[in-house]
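Working notes for the structure below.
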Amino acid sequence: MNLAVSLGSARLPNPVLTASGCAAAGRELEPFSPVASLGAVVTKSVTLRPRAGRPTPRMAETPSGMLNSIGLQNPGVDSFLAHDLPWLADHGARAVVSIAGGSVADYAELARRLRDAPALVAVEVNISCPNVESRGEVFACDPLAASRVVAAVRAETPAGVPVLAKLSPDVTDIVAVARACVDAGADGLTLINTLLGLVIDPVTMRPQLGGGTGGLSGPAIRPVAVRCVWQVHAALPEVPILGAGGIRTGLDALQFLLAGASAVSVGTAVFGDPSAPVRVLAELQAALAERGFGSVAAAVGYGHRAAGHEPVGPRAPEPEPARPPVPVVAGSKPAWRLGDEEW
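The following block contains the structure:
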């Protein structure tokens with residue numbers, strides 16, 4: 001099985017990465033699985049200056065998902081360049097560095113600061129974080145604003161380092177924003193960021209998060225993410241996509257590939273299972289082999305083929321045999337339960 005994938009000019013050994021914001025800069029994952037074994041580590045978004053983030057509480061559990069309002073808390077790019085990237089390089093990891101700012105100039109300066117940084121294989125431009133205090137900073141909600149940021153980053157980034165624009169699903173037409181970013185110089189796209197949400201505490205009868213609104217992640221958003229990947233791949237089939245949103249298993253990751261993603265990011269799942277990215281990779285490899293794919297690339301966009309068109313090679317897996325009925329004994333608990341979507 002050929003697991004290697006490309007995101008623009010970045011060649012990665014396999015298609016499973018971390019998602020920004022869920023594994024910091026990789027140190028927390030290293031005790032559970034080597035960061036070098038991943039396709040790449042997508043770092044938490046870094047800003048020019050340190051940010052304290054939004055008021056606490058910052059996280060709330062929701063059905064099949066998590067709401068967070070961290071607010072881009074980070075130590076700033078100086079500390080990041082001094083401590084985090086060298087650590088990733090020392091451990092053999094490839095780094096996709098996520099950057100965020102409040103202005104086009106902020107993004108351009110961050111891109112300049114990353115020139116010649118160790119371990120850097122791509123820059124992810126986070127123009128879609130829903131957790132900043134001003135919604136006016138969500139550049140990805142406007143194609144023109146998004147394109148200006150991407151153009152500025154592309155101009156300051158070495159030609160051999162791809163620029164990925166991370167987009168928000170909270171727009172009417174994500175294809176229009178994607179096209180604007182590509183026209184401005186984006187080499188690829190990350191789809192999607194979290195969805196803006198709100199939880200009301202029934203006891204206090206006020207918003208549960210200190211910052212009010214937050215970003216919803218986890219399995220609840222996976223169908224939205226797959227839909228966005230599908231729509232953008234259909235319109236821009238040559239543009240590499242890094243798919244993200246509620247991936248917990250290899251079959252979840254397979255959905256993203258079939259919709260058109262070239263690689264995937266595993267995020268919220270690491271809070272409950274820090275080894276999730278490596279496990280998802282193993283499960284994805286098995287799922288691809290079971291369906292007759294000889295490479296990851298062969299599966300990218302395979303779901304878009306016309307009905308009845310079945311090229312030689314990939315095949316549908318054998319259906320699982322029907323489960324025997326479970327005998328019910330009065331007063332006993334069931335041996336298993338239907339579904340695995342508990343949170």
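Per the working numbering, numbering through the sequence shown is continuous, rising by one, with the last residue being 343.
Here a beta-carbon is modelled for each residue, glycine too, at the ideal position from N, C-alpha and C.
Here the structure is a predicted model, which means the values were calculated and not measured.
A Cβ-Cβ distance of about 16 Å is found for the pair VAL266 and ALA95, leaving them out of contact under the 8 Å criterion. In the DSSP assignment, GLU290 falls within the alpha helix (DSSP H) that extends over 276 to 290. Close CB contacts of ALA180 within its chain, under the 6 Å cut and outside five residues either way in sequence, are with PRO143, ALA146, SER147 (chain order). Contact check for ILE241 against GLY188 passes: the beta carbons are separated by less than 9 Å. DSSP places VAL46 within a strand segment (E or B) once states are collapsed to three.
Closest by C-alpha distance to CYS129, out of ILE192, LEU120, ARG49, is ILE192. Within the stretch 210 to 238, the beta strand (DSSP E) runs of at least 3 residues that lie entirely inside it are, in chain order, 214 to 217. By the criterion of a C-beta distance shorter than 7 Å, VAL153 is surrounded in its chain by TYR107, ALA108, ALA111, VAL123, VAL125, VAL163, once the five residues flanking it on both sides are discounted. A direct Cα-to-Cα measurement between THR47 and GLU156 gives close to 16 Å. Measuring C-alpha to C-alpha distances from SER9 to each of CYS141, ILE70, LEU81, ALA186 identifies ALA186 as the nearest.
In its chain, beyond the 5 residues on either side, GLN231, VAL232, ALA235 have a beta carbon closer than 7 Å to the beta carbon of VAL175. Contact between the stretch 82 to 102 and the stretch 27 to 47 is present: three or more C-beta pairs spanning the two stretches fall below 8 Å. Here THR194 is near LEU216, since their CB atoms are less than 9 Å apart.
If you draw a 10 Å sphere on the C-beta of MET66, you find 16 or more other C-beta atoms in it, and that means buried. For LEU7, the enclosing beta strand (DSSP E) covers residues 5 to 7. In the three-state scheme derived from DSSP, where H, G and I count as helix and E and B as strand, THR268 is classed as helix. If you compare the alpha carbons of PRO219, ALA287, PRO207 with that of SER69, the shortest gap goes to PRO207.
Residue pairing by DSSP puts ALA95 in a beta bridge opposite VAL41, LEU120.
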